[in-house]
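Notes to accompany the following structure.
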Amino acid sequence: MTEKCTHIGGQAVIEGVMMRGKKNWAVSVRDPQGEIQSEAHDLASGKAKHAWMKWPLVRGCVNMVESLSLGVKALSISAQLAGQDEEGEELLGSGIMAGTMVVALLFAIGIFIVLPALATNLVVGSIAEHPMEWNIVDGLFRALAFFLYVWVIGRWSDMHRVFQYHGAEHKVIAALEHGEDLTVANAEKYTTLHVRCGTSFLLMVIVLSIIIFSLIPIRTMIAGLGIDNNVLVTLLAIVSRLLLLPLVAGLAYEVTVKWAGPRADKWYVKFLLWPGIQMQRLTTAEPTPDMIEVAIASTELVIAREKGEELVGETVARKVPVQRSGRDLEPVIDPV
Numbered sequence: 000m001t002e003k004c005t006h007i008g009g010q011a012v013i014e015g016v017m018m019r020g021k022k023n024w025a026v027s028v029r030d031p032q033g034e035i036q037s038e039a040h041d042l043a044s045g046k047a048k049h050a051w052m053k054w055p056l057v058r059g060c061v062n063m064v065e066s067l068s069l070g071v072k073a074l075s076i077s078a079q080l081a082g083q084d085e086e087g088e089e090l091l092g093s094g095i096m097a098g099t100m101v102v103a104l105l106f107a108i109g110i111f112i113v114l115p116a117l118a119t120n121l122v123v124g125s126i127a128e129h130p131m132e133w134n135i136v137d138g139l140f141r142a143l144a145f146f147l148y149v150w151v152i153g154r155w156s157d158m159h160r161v162f163q164y165h166g167a168e169h170k171v172i173a174a175l176e177h178g179e180d181l182t183v184a185n186a187e188k189y190t191t192l193h194v195r196c197g198t199s200f201l202l203m204v205i206v207l208s209i210i211i212f213s214l215i216p217i218r219t220m221i222a223g224l225g226i227d228n229n230v231l232v233t234l235l236a237i238v239s240r241l242l243l244l245p246l247v248a249g250l251a252y253e254v255t256v257k258w259a260g261p262r263a264d265k266w267y268v269k270f271l272l273w274p275g276i277q278m279q280r281l282t283t284a285e286p287t288p289d290m291i292e293v294a295i296a297s298t299e300l301v302i303a304r305e306k307g308e309e310l311v312g313e314t315v316a317r318k319v320p321v322q323r324s325g326r327d328l329e330p331v332i333d334p335v
C-alpha cells in the first residue's frame with residue numbers, strides 16, 4: 000500500500016494521546032472507569048495570521064514554541080480527564096502553566112547545555128584553546144545526557160505507560176499514512192518507530208549543533224573581547240549556544256519534518272535518520288489494544304474537524320467535551 004506523509008502528529012499524555020491537525024487538536028484518555036474521555040479545541044496558530052512564520056527555519060522555531068505550549072496544555076487536560084483533577088486544575092491556570100514551562104526550560108538548559116559544557120571543560124580544557132575538540136566532546140556529552148535522561152525516566156512504571164501511548168500514537172499515524180481505516184487491527188501491524196518523531200528531532204538538534212557550533216570562530220570572538228578567564232570563556236560558549244538554539248532547531252525541523260518526512264521510504268533518508276529512529280526504542284513501547292483505541296479517538300476528532308467548515312479569521316479555542324466507551328468511536332458532543 001502506498002505511503003503518504005500526513006501533517007497530523009501528536010504526543011503521549013497522561014493515560015492518553017494528543018493529536019494535532021491544521022485546524023484543531025484533541026486529547027483522548029482512558030479514565031479510571033475504563034471509558035475514553037476526549038476534549039477538542041480549535042487550533043490558534045500565529046502562522047495563520049503572519050506569513051513570515053511560515054518561512055524556512057522560522058517555521059521550525061515557531062512550531063517548537065507552539066508545540067511546547069500545546070504540550071503543557073494537553074498534559075493538564077489529560078490529568079483532568081484521567082481523573083487526576085487536582086493536578087490538572089493546578090496546571091490549567093495561565094500563570095502556573097507559564098511558570099511550569101519556564102522551570103522545564105531552565106531544567107533542560109541545565110541538564111543538556113550547562114552540565115555538558117562544564118564536563119567538557121574538565122576533560123578537554125578551555126574552548127579558547129581547543130575549539131574543535133571542545134565542540135565535539137561537548138556534543139557527545141549532550142548526546143550522552145539525553146540518552147541517560149531518557150533511559151532513567153523510562154525505568155518508572157508510569158513513564159513506561161506514557162511510552163506505550165507514544166507507541167500507540169505512532170502506530171495510528173502509520174495506519175493513516177498508509178490510507179487504512181483507523182481500527183486497532185490495522186494500527187497494530189505497524190512499528191512504534193516513526194521518522195517524524197520528536198525523539199529523532201531532538202537527536203538531530205544535537206548533531207546539527209555540533210556542526211554549527213564548530214563553525215563559530217569562538218577563539219576569534221574571545222580574543223576580540225580580551226577574555227582569558229576560563230569561567231567567562233565557558234559562560235560565553237553557553238550563551239552562544241542559547242542564542243543559536245533557534246537556528247539549530249529550525250534546521251533540524253527542515254531536515255526531519257519538511258525534507259525527510261515526505262521521503263521516509265528513501266534509503267538515504269533511512270540512513271541519515273537511523274540513529275534517531277533507534278533512539279525511539281527508548282521512548283516508545285508496544286501498546287495494548289485499548290491504548291490504540293485512545294489514539295484513534297483523538298485522531299478521529301482531528302480528522303472530523305478538518306472535514307468540516309473552513310476557519311475564517313481568527314481562531315478561538317473552543318472546548319468540546321466528548322465521551323466514548325469501549326470500541327464505540329462515534330462522538331457524542333455536548334451541544335451546550
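In numbering that gives the first Met the number 0, the protein residues as written are 0 to 335. Even glycine gets a Cβ: it sits at the ideal position worked out from N, Cα and C. Quantities reported herein were computed from a predicted structural model and do not represent experimental measurements.
About 6 Å separates the beta carbons of S208 and G138, which is inside the 8 Å limit, making them a contact pair.
As the crow flies, the alpha-carbon of K53 is around 34 Å from that of M290. For L300, the number of other beta carbons within 10 angstroms of its own is at least 16, and it is reported as buried.
Relative to L80, the option among F162, A107, E38 whose CA is nearest is E38.
When DSSP assignments are scanned along the stretch 266-298, the uninterrupted stretches of alpha helix (DSSP H) that are 4 or more residues long and fall wholly within it turn out to be 266-282. In this structure, M18 is the residue among M18, Q10, V12, A11 with its C-alpha nearest to the C-alpha of A303. Excluding the 5 residues flanking it on each side, E285 has same chain C-beta neighbours closer than 8 Å at Q163, G166, T191, in chain order. The three-state secondary structure of S66, taken from DSSP, is helix. Residues of the same chain with a CB within less than 6 Å of the CB of D180, apart from the 5 flanking positions on each side, do not exist. The Cβ neighbour count for I13, taken over all protein chains shown within 10 Å, is at least 16; the residue is labelled buried. Boundaries of the alpha helix (DSSP H) harbouring I152: 130-152, taken from the DSSP string. The distance from the Cβ of I126 to that of I217 is about 6 Å, consistent with a contact at the 8 Å cut-off. Within the model, the alpha-carbon separation for V238 versus G307 is close to 46 Å.
Only residues of its own chain outside the window of five on either side were considered, and among them Y189 have a CB closer than 6 Å to the CB of A173, listed in chain order. Where M17 is concerned, the enclosing beta strand (DSSP E) starts and stops at 15-19.
The residue from W133, Q10, L121, N62 with its alpha-carbon nearest to that of L74 is Q10. Separation of the CB atoms of R280 and I205 is rounded to 17 Å, and the pair is thereby denied contact status at 8 Å.
At the C-beta level, I7 and L175 come within 8 Å of one another.
The beta-bridge partner set that DSSP reports for H40 consists of W24. Going by DSSP, Q10 is part of the beta strand (DSSP E) stretching over 8-12. Taking a cut-off of 8 Å for Cβ pairs, the stretch 251-267 and the stretch 43-62 touch, as three or more such pairs fall below it. Just measuring C-alpha positions, the residue of F146, V122, W51 sitting nearest G275 is F146. Under the three-state reduction of DSSP, I209 is assigned to helix.
C-alpha of H159 to C-alpha of F212: approximately 34 Å in a straight line. Residue nearest to L271 within the set L243, L202, E292, G153 is L202 (criterion: CA-CA distance). For the set T282, V230, G153, L69, the Cα lying nearest the Cα of A25 is the one of L69.
When only Cα atoms are considered, V161 and I135 end up about 33 Å apart. In this structure, the alpha-carbon of D227 lies about 27 Å from that of L105.
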